[in-house]
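*Asks:* Below you'll find the structure I mean.
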Amino acid sequence: MTAHLTRRRTRITVAATAVGLLVSGCSLIGSDDTEREQMAEDAPVAGTTVVLATHSSFSMPKKLVKQFEKDTGVTLKVRSSSDAGELTTQLVLNKENPFADVAFGIDNTFASRAIDEDVFAEYAAALPPGAAGLRLEGSAADRLTPVDQASVCVNVDTAWFAENDRAQPTSFDDLADPAWRDLTAIPGATTSSPGLAFLLATIAEYGEGAWQTYWEGLMGNGAKLSQGWTDAYYGDFTGGGEGNRPIVVSYDTSPAFTIDERTGESTTVALLDTCFRQVEYAGVLENAKNPAAAKLVVDFLLSPEVQASLPEQMYVFPVDSRVELPADWAKFAVQPTDPREVTADDIDAHRQEWLTEWTDITTR
C-alpha cells in the first residue's frame, strides 16, 4: 500500500441484544417430510452443535457469535473452504452425508448448481426490508436466503492517473484500447469468484461470439491475470499495494477503503458501467443432522446485529435496507444502478463451456 493511503474502518457499535431465536421444541417443517426429518426438527437444539460451512472470507464478531450461543444454547462451529466454487463442489459431493448443517457463501454464480443437485432443504426465512428483490427465482427462493451483496467492478487508481497526467478509462472498451496498454490487473475466472464475475460481466456486455473477441483484445493489450483477488489488488494494483497497474478488477465497496487521510477523499473509484452484482446466500442443508439449529443460523445471519457488521467484517453490503452504513461507505461505496446480469440458469448451463473458451483465449 502506498504511504499516503490507509484502510479506514468506521467502527460500528453493535448492541449486544438478544436475537429472539428459538431454543427448543417446535417443528418448523411441513407435514409431508420424512419421519426422520420430523424427529430431528422436534429434538431440542439447546446443548447441540451446529456446523456452518462457508468460504475463507467469512468473518463474524466474536461477541455476536457468543450472543447467538447464549441465546440459543447452541454451539456454532465454522468449517471453511477457499471460495464459493470449492464450497459448492464440496457440498455437492457430500450431499448424501453432509459435513455441515447450514452453508453460507454460495453466490448467484454457483447457486443453480447447488439447487439442481438438491443440496439445500426448503426454509423460507423471514426477510428484512430490502432483501426480497435479491431472492432467486422459482422454488430456489425457498432454499437459499440472501444475506449480503456487492458488485464486482473495474476499479481505477485516480491518484495515479492524476500524478501521471493521463486520462482514466471509463468503459470495458477502454481496457482493450492501446491508450491503456499494460495497465490492467484481473483475477482469473477459473480461480476466483470476482474473476468469474468479471467474465460474466463481459459476456453480458458483448454477448455470445463477441465476448471472446473482446477478451482476445484485452489480453493482446497486456492485461495481467493473477490467481485471485488478493494477488491482483495487493500485488499488482497501484492503489492497493506496491504494484504498477492502476486498473484492477475489484468491488464497488473498495473505494471506501482507499481514503487519503490528508484530504478525506478516496484515491480510487469503481467504474459503475462495468459491474456484475454478486449476492451471497445461506441455506439449510438437505440431510443435515441438526436442521432446527441450522434454521436458527440462517435467521441469525439476517439479524440486525449481523447485518450491521457486514461492511466492516466482510466488505459487503447488507441486504437489510434499514442498516446505516459506515460514513466512508455512504460517501465512497457507490452501488451501480444497472449492473450487468446473466441469469443463474444461463450460468449453470454454460459455465464450463465459457470457462473452457476463456482458458483457451488467455493461455495462448
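Take the sequence shown: its position 222, counted from the start at 1, is 221 in numbering that gives the first Met the number 0, and no numbers get skipped.
All residues carry an ideal CB built from backbone N, CA and C; glycine is no exception.
Does the Cβ-Cβ distance between L143 and A110 come in under 8 Å?
*Replies:* yes
*Asks:* What is the DSSP secondary structure of N350, reduced to helix, strand or coil?
*Replies:* According to the sequence displayed, residue 350 carries Arg and not Asn. R350 falls in the helix class under three-state DSSP.
*Asks:* By the 10 Å Cβ neighbour count, where 16 or more other Cβ atoms means buried, how is Q351 classified, buried or exposed?
*Replies:* exposed
*Asks:* Exposed or buried, R276, counting other C-beta atoms within 10 Å across all chains shown (16 or more means buried)?
*Replies:* buried
*Asks:* Out of L271, A178, A196, A52, which one is the CA nearest neighbour of P186?
*Replies:* A196
*Asks:* Quick check on T336: buried or exposed, where buried means 16 or more other Cβ atoms within 10 Å of its Cβ?
*Replies:* By the neighbour-count criterion, in which 16 or more other beta carbons inside 10 Å mark a residue as buried, T336 falls on the exposed side.
*Asks:* Reducing DSSP to helix, strand and coil, say where D117 ends up.
*Replies:* coil
*Asks:* Taking the alpha carbon of L224 as the reference point, which residue from L92, I246, W210, F331 has its own alpha carbon closest?
*Replies:* Residue I246 holds the alpha-carbon nearest to the alpha-carbon of L224 among L92, I246, W210, F331.
*Asks:* Tell me, which residues are paired with G240 by DSSP?
*Replies:* DSSP lists no partner for G240.
*Asks:* Can you confirm whether the segment 156-163 touches the segment 222-241 when touching is taken to mean that 3 or more C-beta pairs between the two stretches lie within less than 8 Å?
*Replies:* Because the criterion of three Cβ pairs below 8 Å is met, the segment 222-241 and the segment 156-163 touch.
*Asks:* Taking the beta strand (DSSP E) that F390 belongs to, which residues open and close that run?
*Replies:* Any property of residue 390 remains undetermined from this structure, which presents the chain solely from 0 to 363.
*Asks:* Just checking, does the segment 42-60 make contact with the segment 75-86 on the three C-beta pairs under 8 Å criterion?
*Replies:* Three or more pairs of CB atoms, one per stretch, sit closer than 8 Å, so the segment 42-60 contacts the segment 75-86.
*Asks:* Looking at the secondary structure, which residues open and close the alpha helix (DSSP H) in which T273 lies?
*Replies:* Run containing T273: none in the alpha helix (DSSP H); it sits in the beta strand (DSSP E), 267-283.
*Asks:* Between D147, P254, D100, which lies nearest to Y280 when the distance is taken from Cα to Cα?
*Replies:* For Y280, the closest alpha carbon among the candidates D147, P254, D100 is that of D147.
*Asks:* Does the structure place the segment 280-291 close enough to the segment 161-173 that three or more beta carbon pairs sit under 8 Å?
*Replies:* Touching, no.
*Asks:* Between which two residues does the beta strand (DSSP E) carrying L75 extend?
*Replies:* Per DSSP, the continuous beta strand (DSSP E) segment holding L75 begins and ends at 74-80.
*Asks:* With a Cβ-Cβ cutoff of 8 Å, do E304 and P325 count as a contact?
*Replies:* It is not a contact, given that the beta carbons lie outside the stated cut-off.
*Asks:* Is A52 close to chain C, meaning its C-beta is less than 8 Å from at least one C-beta of that chain?
*Replies:* Looking for chain C here will not work: only one protein chain is present.
*Asks:* Would you report the Cα separation of V322 and E215, rounded to the nearest angstrom?
*Replies:* 42 Å
*Asks:* Take the Cβ of N289 as the centre, count every other Cβ of all protein chains shown within 10 Å, and call the residue buried at 16 or more, exposed below.
*Replies:* Burial call: buried.
*Asks:* Going by beta carbon distance, what residues of the same chain come within less than 7 Å of S58, once the five residues before and after it are set aside?
*Replies:* Q312, M313
*Asks:* Please say whether C152 and L271 have beta carbons closer to each other than 8 Å?
*Replies:* yes
*Asks:* Sort L126, E162, S138 by Cα distance to P145 and report the nearest one.
*Replies:* L126
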